[in-house]
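Here is the structure we will look at, set down as structure tokens.
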Amino acid sequence: MKKKILVLPGDGVGPEICGATLPILERIKVPVELIYGEIGWECWKKNGDPIPSDTWEKIKISDAILLGAITSKGEEEAQKELAPHLKDKRLNYVSPIIQLRQKLGLFANIRPFRYISGPFEPFRGCVICENTEGLHAGMDFRSVPEHIASWLKHPNIEKYGPEEAAWSVQLQTKCGLERLFKSAFSYAKTHALSRVTFANKSNIMRESGQFAEEIFEKVSVHFPDIEAEIHDVDVVALWLVKKPRRFGVIVAENMLGDILSNVAAGVMGGLGLAPSANIGEDIAYFEPVHESAACVAGQGKTNPAAMFYTISLLLEYLNFKDEARSLSDHVDQLIRSEKILTYDLGGVSSTKDFANNIIDTIEINQKTCISSVITIGDELLSGQYLNTNLQSLSKQLEEKNIRVRKQFVCADSLKQISETIIQCLDQDDLIIISGGLGPTSDDKTRDAVAIAVQRPLIHHEIVWETVQSQLKRLGIQANKANSRQALFPKNATVLDNLGGTAPGFHLRCGRSCIVVLPGPPTQANPLLARYLEHFQGHQLLPKHQYAWTLIGISESEIANWVDEHLADHLFESHFLWKSPYVIVQLVSLSAAPLSKIAKENFEKRFRKYLVGAEITTAQKKLAPIASIQFSSQDPNLLKYLQKEVDLNKGENKLQIEANININPSIEEVYQQTENLGRIKMDIKINRKKSYFIEFPYTLPLLKDVLIEYASWTILQHIHNEKSCKK
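The opening position of the sequence shown corresponds to residue 1 in the working numbering, with each subsequent residue numbered one higher.
Structure, rendered in structure tokens:
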């Protein structure tokens, strides 16, 4: 039987967000039925009630409610915006959020927070607020009536009188607090969180604060496996920013909890990532934490991630746990890839761009494995040695279809290395570290890894015996410093180094596998290759890649066409200017290949510039098929060309004579003060056919530009000759 979900798009960006994200439910094929209702500011303006009676009837037959966004304003503005025929009816505006929470008994506002990306240790927790009591109970008043003034006294009231005062009631009851605290501990137990923190302010709210703390302590006794603690709310806020990892569940009165949950949202990346659930005994409603943001409604700037995460919470509530986890993981992966990000996360992608990518790729059970590469050494930062490891290790990973997200180069600094590792934890499936495993004082890597994963270093006697044996074969006497090479973080697996005395190691921390390799490339590369042979931490996503090499056209002209004509295809586009070529690459973001017609349209549009449907050069294309004899009236030009002639010699090839002259001449080019210019080239092939081309050059790359344009022209000649014979 299908579960019924009542969708209430609401105000501002609500309809836009719902429209962009809800197709995910059909795509993942969960047995749910969507019904729609109205709620929000427009309902108030037209009907004098932000929740129409029809919506309440639909709530009665629903299993859960999904809310887009709500605009809520003060009483004075609410009266001003009422329809004319309703203004004399003395209607009172009550926020639809408060109505839902109180009438449906939704006593717990659950706002999970967790690490998604950024320079933090991985963290996971939840803020749970009381919904129906506290300062959000709706007991908020303007002016102090006479029957209240008898006990509500303050010297400031007397100055302007009771009419110029406002007051609120923070109601807390044993009933409300008991069920709140029980739900907090139950949530911690269900979600494997080891601590519940009650954020309070009992040094100010002496009676109500002490009352709540006594109830919290009594409830905690029934959950002996979960640590219970009480802290001032300002201390909790500070720790949330500095060390969010220390928290599990934070429980608080609504006003304090509301503030803390927004702090937690900021730590995890912003309100654009923050979901929420409002839970009662019989039903629950779910909404992203962000506001209705009417000022940007319809502009495609709102991050739909919060709604996707909210839908994930809703699916978990309806017991579709696998689908909930899959959706949440998929959104995480897209954000961590940093390829498609909305404005709030520092990108330029629209609401639909982000949402469509999630919807179009969610069916793929496999996922791309993401990695970062960290190389260690002051000598790399100073440029004293070429950092070949960054290239070779990254190349190995890409060949295994493991995408390299970032590369880092760290100094021999314990703090810098450990913080870089922490920055990658839980964000990357694989963290590859190279260097700093030697026995000297500047070898800090093993200690930095131990700090990052919070594990002690353990001595491995068998490894130490192997290290001593290897040193002996090299004629080196082992000393105490060498024994450091037998220290590894607890539960690490040693990677034997057959080419040196510094073994590597690997270990898992959260969702990340950390692989630590020695620095010398002759040792690092074989160790990584051996590790990757057995790496089971990911499933390979079929990766469709396309590449073209073009000449005689600007990259911006190609990019404009690709952006316009291939916008609906789920591919990353890359444009590399490698003079005189533009290399265009398309890499799939899904399992679907580029359509045949799209590929044909690209090659048809750029046929006159196309060197090959791969990464190549005209020289490489020409070498297997033709031997070229160059001649020129310019002896300096001939020297440039002649160096390439030997590469083209061979039997069973086309024999081609190419007389090439340029204007300005080589001598004139070098006499010019500018490094940039254009050259006209006259090419006569086999003393018959002449070609005239003009192209730009930069002086440092002049030689490459000349030979490649000459080779490209000869290739075109050969192609034309074959076409004529057909």
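Beta carbons: idealized from backbone N, C-alpha and C, even for Gly.
Practice item. Please name the residue in 377, 427, 186 whose C-alpha comes closest to that of residue 809. Key: A question about residue 809 goes unanswered here, because the residues of the chain that appear run from 1 up to 726.
Check your understanding: How long is the line joining the alpha carbons of residue 380 and residue 387, rounded to whole angstroms?
Key -> Distance between residue 380 and residue 387, taken at the CA atoms: about 6 Å.
Check your understanding: Helix, strand or coil for residue 151 per DSSP?
Key -> In the structure shown, residue 151 sits in coil (DSSP, three-state: anything other than H, G, I, E or B).
Check your understanding: If you draw a straight line from the C-alpha of residue 645 to the C-alpha of residue 556, how long is it?
Key -> Legend: pLDDT at residue 645 = 48, less than 50; position of this residue unreliable, no value from coordinates given.
Review point. Quick one: Cα of residue 584 to Cα of residue 559, how far?
Key: 9 Å
Exercise for review: Give every residue of the same chain whose Cβ lies closer than 7 Å to the Cβ of residue 166, excluding the five residues on either side of it in the sequence, and list them in chain order.
Suggested key: 141, 142
Point to revise | For residue 278, the first and last residue of its enclosing beta strand (DSSP E) | key: Start and end: 275-279.
Review point. What residue does the beta strand (DSSP E) around residue 727 start on, and which one ends it?
Key: Here the chain covers residues 1 to 726 and nothing more, so residue 727 does not appear.
Check your understanding: Which whole runs of the beta strand (DSSP E) in the stretch 447-477 are 3 residues long or more, in chain order?
Key -> 457-459
Check your understanding: Among residues of its own chain, excluding the 5 on either side of residue 168, which ones have a beta-carbon nearer than 8 Å to its beta-carbon?
Key -> 135, 139, 140, 141
Practice item. Check the DSSP bridge columns for residue 231 and list the partner residues they point to. Key: Residue pairing by DSSP places residue 231 opposite 199 in a beta bridge.
Point to revise | Same chain, Cβ closer than 6 Å to residue 181, neighbours up to 5 away in sequence not counted | key: 216, 219
Review point. Does the distance from the CB of residue 335 to the CB of residue 341 come in under 8 Å?
Key: yes
Check your understanding: What's the call for residue 459, buried or exposed, on a 16-neighbour Cβ count within 10 Å?
Key -> exposed
Check your understanding: Can you give the Cα-Cα distance for residue 279 and residue 176, rounded to whole angstroms?
Key -> 13 Å
Review point. Excluding the five sequence neighbours on either side, which residues of its own chain have a C-beta within less than 8 Å of the C-beta of residue 193, listed in chain order?
Key: 124, 125, 126, 187, 226, 248, 249
Point to revise | Those runs of the alpha helix (DSSP H) which lie wholly inside the stretch 314-340 and span at least 4 residues | key: 321-337
Exercise for review: Provide the residue span of the alpha helix (DSSP H) that contains residue 223, from first to last.
Suggested key: No alpha helix (DSSP H) contains residue 223, which DSSP labels as neither H nor E.
Practice item. Measure the C-alpha to C-alpha separation of residue 243 and residue 412 and round it to an integer number of angstroms. Key: Roughly 25 Å between the two C-alpha positions.
Review point. Just the Cα atoms here: how many angstroms apart are residue 147 and residue 158?
Key: Cα to Cα, the separation comes out at about 16 Å.
Review point. Shortest alpha-carbon distance to residue 692 belongs to which of 213, 178, 551, 683?
Key: 683
Review point. Just to confirm, are residue 686 and residue 656 a CB contact at a threshold of 8 Å?
Key: yes
Check your understanding: Between residue 396 and residue 699, what straight-line distance do the alpha-carbon atoms span, to the nearest angstrom?
Key -> 35 Å
Practice item. Determine the direct distance from the alpha carbon of residue 67 to that of residue 365, and round the result to whole angstroms. Key: Confidence in residue 365 is poor, its pLDDT being 49 and thus under 50, which makes the residue's placement unreliable; the coordinate value appears in the next sentence. In a straight line, the C-alpha of residue 365 is about 28 Å away from that of residue 67.
**Study point:** Within 8 Å, strictly: CB atoms of residue 727 and residue 371
**Key:** In the structure as shown, the chain begins at 1 and stops at 726. Residue 727 is therefore absent and cannot be evaluated.
Check your understanding: What three-state label does DSSP hand residue 160 in the structure shown?
Key -> Helix at residue 160.
Practice item. Put residue 378 into one of helix, strand or coil per three-state DSSP. Key: helix
Check your understanding: Of the residues 481, 464, 25, which one's Cα is nearest the Cα of residue 444?
Key -> 481
**Study point:** Residue environment, residue 274, which counts as buried when at least 16 other CB atoms sit within 10 Å
**Key:** The residue in question, residue 274, is buried, as its Cβ has 16 or more Cβ neighbours within 10 Å.
Review point. Is residue 384 helix, strand or coil when you go by DSSP?
Key: coil
Practice item. Please report how far the alpha carbon of residue 647 lies from the alpha carbon of residue 718, in whole angstroms. Key: At residue 647, the pLDDT of 46 sits below 50, so the modelled position is not reliable; the number obtained from the coordinates is stated separately. Counting only the Cα atoms, residue 718 lies some 18 Å from residue 647.
Check your understanding: What does a CB cutoff of less than 7 Å around residue 496 pick up in its chain, not counting 5 residues either side in sequence?
Key -> The beta carbon of residue 496 sits closer than 7 Å to those of 503, all from its chain and outside the five residues before and after it, given in chain order.
Practice item. Find out if the Cβ-Cβ distance for the pair residue 618, residue 653 is shorter than 8 Å. Key: Result no, Cβ atoms of residue 618 and residue 653 do not sit closer than 8 Å.
Point to revise | Bounding residues of the alpha helix (DSSP H) (the contiguous stretch that carries residue 684) | key: First-last for residue 684: 676-685, but that is the beta strand (DSSP E), not the alpha helix (DSSP H).
Check your understanding: According to DSSP, which residues form a beta bridge with residue 432?
Key -> 373, 515
**Study point:** Same chain, Cβ closer than 8 Å to residue 229, neighbours up to 5 away in sequence not counted
**Key:** Excluding residues within five positions, the ones whose Cβ falls inside 8 Å are 195, 196, 197, 198.
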